[in-house]
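Colleague: Mind having a look at this structure? Questions to follow.
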Amino acid sequence: MATNTDSVELVGDAVVGNVARAALFAALTGAFAFVSFPNPISPVPVSLQVLGVFLAGIFLGPVWGGASIALYLVAGAAGAPIFAGGQAGLGPLFGYTGGFLWSYPVAAALVGVAVHGTSELRDPAEVGLGRLVGGMVLGTVVIYTLGTLGFSIVQDVGLVEAFVVSALAFVPFEAVKIAAAVGVVRSDAAAAE
Amino acid sequence: MLTYRPGDSLAHRLDPRTKLLVQAAFAVAAFAHTTPRGLAVFTVLTAGFLAAGRVSPVDSLRGFAPALPFVVLAPLVSVVTVSPPGVDLGAAVDPALASYRVLLVLLVSAVYLRTTPVRDSRAAVERLVPGKAGRFFGVGVALVFRFFPVLLADLRRVREASAARLGDQRSLRDRIRIVGTAGVRRAFARSDRLALALRARCFAWNPTLPDLRFSRRDYPVLAFGLLLVASVFV
Numbered sequence: 001m002a003t004n005t006d007s008v009e010l011v012g013d014a015v016v017g018n019v020a021r022a023a024l025f026a027a028l029t030g031a032f033a034f035v036s037f038p039n040p041i042s043p044v045p046v047s048l049q050v051l052g053v054f055l056a057g058i059f060l061g062p063v064w065g066g067a068s069i070a071l072y073l074v075a076g077a078a079g080a081p082i083f084a085g086g087q088a089g090l091g092p093l094f095g096y097t098g099g100f101l102w103s104y105p106v107a108a109a110l111v112g113v114a115v116h117g118t119s120e121l122r123d124p125a126e127v128g129l130g131r132l133v134g135g136m137v138l139g140t141v142v143i144y145t146l147g148t149l150g151f152s153i154v155q156d157v158g159l160v161e162a163f164v165v166s167a168l169a170f171v172p173f174e175a176v177k178i179a180a181a182v183g184v185v186r187s188d189a190a191a192a193e
Numbered sequence: 001m002l003t004y005r006p007g008d009s010l011a012h013r014l015d016p017r018t019k020l021l022v023q024a025a026f027a028v029a030a031f032a033h034t035t036p037r038g039l040a041v042f043t044v045l046t047a048g049f050l051a052a053g054r055v056s057p058v059d060s061l062r063g064f065a066p067a068l069p070f071v072v073l074a075p076l077v078s079v080v081t082v083s084p085p086g087v088d089l090g091a092a093v094d095p096a097l098a099s100y101r102v103l104l105v106l107l108v109s110a111v112y113l114r115t116t117p118v119r120d121s122r123a124a125v126e127r128l129v130p131g132k133a134g135r136f137f138g139v140g141v142a143l144v145f146r147f148f149p150v151l152l153a154d155l156r157r158v159r160e161a162s163a164a165r166l167g168d169q170r171s172l173r174d175r176i177r178i179v180g181t182a183g184v185r186r187a188f189a190r191s192d193r194l195a196l197a198l199r200a201r202c203f204a205w206n207p208t209l210p211d212l213r214f215s216r217r218d219y220p221v222l223a224f225g226l227l228l229v230a231s232v233f234v
């Protein structure tokens, strides 16, 4: 076993906190993939990963929110069963869900920028409703655009068919998730931390 | 769920980096050659990979069950034409080939999942991604494996407690809000304790990584991966 004999390069205090939060939000997004509600218009249930993507952007900001969701993808590729329905591995990243998965870090970073701007992080509970909802709507647009494109390329079908099969039955629920995310941000319980 | 199972097959003994690279090469090559002849060759290769890891194809497909409806649906939807309204069977050929290709890629990634322990995956990530980003992803992968089941149990308890109080009668928005709020609260509480523990243990950018070494049997497999990538340009 090779032993590292260089002097120890400690991770700075602020970064330790951010690494821990990024890892926990990645794990939370993975756990959300298992929380599913029946979908009245499709046999595939609605799961909450996208809520995890929104919340990572809102609570961790553009940089660490994006990093957290990128970590979600890496951990899933390395074998953690955290993609939709407990899937894992490189397969889903190259499969029809690929477009959706690759869009998540971008969406989280965008939500982060919309909520916090590019300088310092703010308290999400004090951010205006317009910014919160606008950021999440923007994130949703990015997720479904890249997701539909990915599905269309991987499955070799037209964009319309791709949208009908992969996205149409899920779009209405994004509005519910956005409303719920606003509720999470505004609730005293989350703000207490 | 597809998780690691101990064993001594060829795939178990390969370096995880080799397996990651060959998987990616396979996916890229399968995308470049989505023809009946190309996919016939890739079917044989997939069978070879499954045999090398002694992984059952039925088991693997079961692990990817949530993907299967979409794989079947995409060619079916292409059959229907809107203007003029009708059915065009020929239009389903390319999407069907594409679906089959996705299936092969999923099967090959199942071999990795069955034959690679988390510790090796983490070490591979830390070596493949350069610099501090690699360290972040390496540590992060280990932490996600550790905390994902814990948070999942947290969420499950919240949903059970909520259901016991007739929470499942509330609107969808309220139910999502309750699970979301509890999830965020638990994630922050656990990350604070984790950060404290990491600081107390001198969390460093340069830890001693688990040993990974290419052995003699890795080189032919790596060369094969390069060949797959090169085939894209043929």
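Going down the list, the sequences are from chains E and Z. Mapping of the first sequence onto the UniProt record's numbering: residues 1 to 193, in sequence order. Mapping of the second sequence onto the UniProt record's numbering: residues 1 to 234, in sequence order. Backbone N, C-alpha and C fix where the C-beta goes; we use that ideal spot for every residue, glycine too.
Which of helix, strand or coil does DSSP assign to E/Leu-10?
Modeller: Your numbering for residue 10 of chain E matches position 10 in the first sequence. Strand, per DSSP.
Colleague: The alpha helix (DSSP H) with residue 237 of chain Z in it runs from where to where?
Modeller: Chain Z is shown only over 1 to 234; residue 237 of chain Z falls outside these bounds and no answer can be derived.
Colleague: Only counting the same chain, and skipping five residues up and downstream in sequence, which positions put a Cβ closer than 6 Å to that of Z/Thr-3?
Modeller: Here residue 3 of chain Z refers to the residue found at position 3 when the second sequence is read from its first residue. Nothing listed; no residue qualifies.
Colleague: Starting from the N-terminal side, write out each stretch of the alpha helix (DSSP H) that is 4 residues or longer and does not extend beyond the segment 115–178 of chain E.
Modeller: Runs of the alpha helix (DSSP H) inside the segment 115–178 of chain E: 129–155, 159–166.
Colleague: Tell me, please, which residues DSSP counts as bridged to E/Val-19.
Modeller: Translated into positions along the first sequence, residue 19 of chain E becomes position 19. Beta-bridge pairing links E/Val-19 to no other residue.
Colleague: Locate the alpha helix (DSSP H) running through Z/Tyr-219, then write down its first and last residues.
Modeller: As a working note, residue 219 of chain Z is residue 219 in the second sequence. Its alpha helix (DSSP H) spans residues 218–231.
Colleague: Quick one: what's got a C-beta closer than 8 Å to E/Ala-192's C-beta in the same chain, skipping five residues either side?
Modeller: What you label residue 192 of chain E is simply residue 192 of the first sequence in a count that begins at 1. Residue confidence for E/Ala-192 is low, a pLDDT of 46 falling below 50, so the modelled location carries little weight; the figure read from the coordinates is stated next. Hits under 8 Å: none found.
Colleague: For a contact meaning CB atoms closer than 7 Å, what does E/Phe-100 contact in chain Z?
Modeller: By 1-based counting over the first sequence, the position of residue 100 of chain E is 100. In chain order: nothing, as chain Z lies at least about 11 Å away.
Colleague: Return the chain-ordered list of same chain residues with a C-beta closer than 7 Å to the C-beta of Z/Phe-70, the five sequence neighbours on each side being excluded.
Modeller: Within the second sequence, numbered from 1, the residue matching residue 70 of chain Z stands at position 70. For Z/Phe-70, where only same-chain residues beyond five positions count, there are no Cβ hits under 7 Å.
Colleague: Contact between the segment 115–128 of chain Z and the segment 5–14 of chain Z: three or more CB pairs below 8 Å?
Modeller: With the cut-off at 8 Å, the segment 115–128 of chain Z and the segment 5–14 of chain Z touch.
Colleague: So, does the CB of Z/Gln-169 fall closer than 8 Å to a CB anywhere in chain E?
Modeller: Against the second sequence, residue 169 of chain Z aligns to sequence position 169. Chain E contact via Cβ: absent.
Colleague: Pull up the distance between the alpha-carbon of Z/Ala-110 and that of Z/Thr-18, whole angstroms please.
Modeller: For the purposes of this step, residue 110 of chain Z is taken as residue 110 along the second sequence, with counting starting at 1. For the purposes of this step, residue 18 of chain Z is taken as residue 18 along the second sequence, with counting starting at 1. Cα-Cα distance, rounded: 15 Å.
Colleague: So, at 7 Å on beta carbons, what are the nonlocal neighbours of residue 202 of chain E in its own chain, with the 5 sequence-adjacent residues on each side left out?
Modeller: One cannot answer for residue 202 of chain E here, as it falls past the ends of chain E, which runs 1 to 193.
Colleague: Would you say Z/Thr-181 and E/Ser-152 are within 8 Å of each other, going by their C-beta atoms?
Modeller: Taking the second sequence and counting its residues from 1, one reaches residue 181 of chain Z at position 181. Taking the first sequence and counting its residues from 1, one reaches residue 152 of chain E at position 152. No, the Cβ-Cβ distance between Z/Thr-181 and E/Ser-152 is not below 8 Å.
Colleague: Compare the C-beta of E/Ser-187 with all C-beta atoms of chain Z and state if any pair is closer than 8 Å.
Modeller: Reading the first sequence from its first residue, position 187 is the one you call residue 187 of chain E. True, the Cβ-Cβ gap to chain Z drops below 8 Å.
Colleague: Any beta carbon of chain E sitting closer than 8 Å to that of Z/Leu-222?
Modeller: Within the second sequence, residue 222 of chain Z is the residue found at index 222, counting from 1. No, Z/Leu-222 does not count as interfacial toward chain E.
Colleague: Run down chain Z in chain order and give the residues with a C-beta less than 8 Å from the C-beta of E/Val-8.
Modeller: Start at 1 with the first residue of the first sequence, and residue 8 of chain E comes out as number 8. Cys-202, Ala-204, Asn-206, listed in chain order.
Colleague: So Z/His-33 is in the alpha helix (DSSP H); what residue range does that whole segment cover?
Modeller: Walking along the second sequence from the start, residue 33 of chain Z turns up at place 33. Note, Z/His-33: premise wrong, no alpha helix (DSSP H); not H, not E.
Colleague: Give a yes or no on whether the C-beta atoms belonging to E/Leu-149 and E/Gly-76 are separated by under 8 Å.
Modeller: Working through the first sequence from its first residue, we reach residue 149 of chain E at position 149. Working through the first sequence from its first residue, we reach residue 76 of chain E at position 76. Cβ distance not < 8 Å, so E/Leu-149 and E/Gly-76 don't count as in contact.
Colleague: Tell me which residues of the segment 105–119 of chain E have at least one Cβ-Cβ distance to chain Z shorter than 7 Å, keeping chain order.
Modeller: Residues passing the 7 Å Cβ filter: none.
Colleague: Show which residues of chain Z have a CB atom less than 8 Å away from the CB atom of E/Arg-21.
Modeller: For the purposes of this step, residue 21 of chain E is taken as the residue at position 21 of the first sequence. Near E/Arg-21 (Cβ distances below 8 Å), the residues of chain Z are Ala-187, Phe-188, Ser-191, Ala-195.
Colleague: Counting pairs of Cβ atoms below 8 Å between the segment 130–142 of chain E and the segment 79–99 of chain E, do you hit three or more?
Modeller: These segments do not touch.
Colleague: So, using beta-carbon positions, are E/Ala-169 and Z/Val-141 closer together than 8 Å?
Modeller: On the first sequence, residue 169 of chain E is found 169 positions in, with the first residue counted as 1. On the second sequence, residue 141 of chain Z is found 141 positions in, with the first residue counted as 1. No, the Cβ-Cβ distance between E/Ala-169 and Z/Val-141 is not below 8 Å.
Colleague: Report yes if the CB atom of Z/Val-105 is closer than 8 Å to the CB atom of Z/Ala-27, and no otherwise.
Modeller: Start at 1 with the first residue of the second sequence, and residue 105 of chain Z comes out as number 105. Start at 1 with the first residue of the second sequence, and residue 27 of chain Z comes out as number 27. In this structure, Z/Ala-27 lies closer than 8 Å to Z/Val-105 by Cβ.
Colleague: Can you pull the chain E neighbours of Z/Arg-62, defined as C-beta to C-beta under 9 Å?
Modeller: The residue given as residue 62 of chain Z occupies position 62 in the second sequence. The contacting residues do not exist; Z/Arg-62 stays about 11 Å from chain E at best.
Colleague: How about E/Tyr-96: is its C-beta nearer than 8 Å to some C-beta of chain A?
Modeller: Of the protein chains in this structure, namely E and Z, none is chain A.
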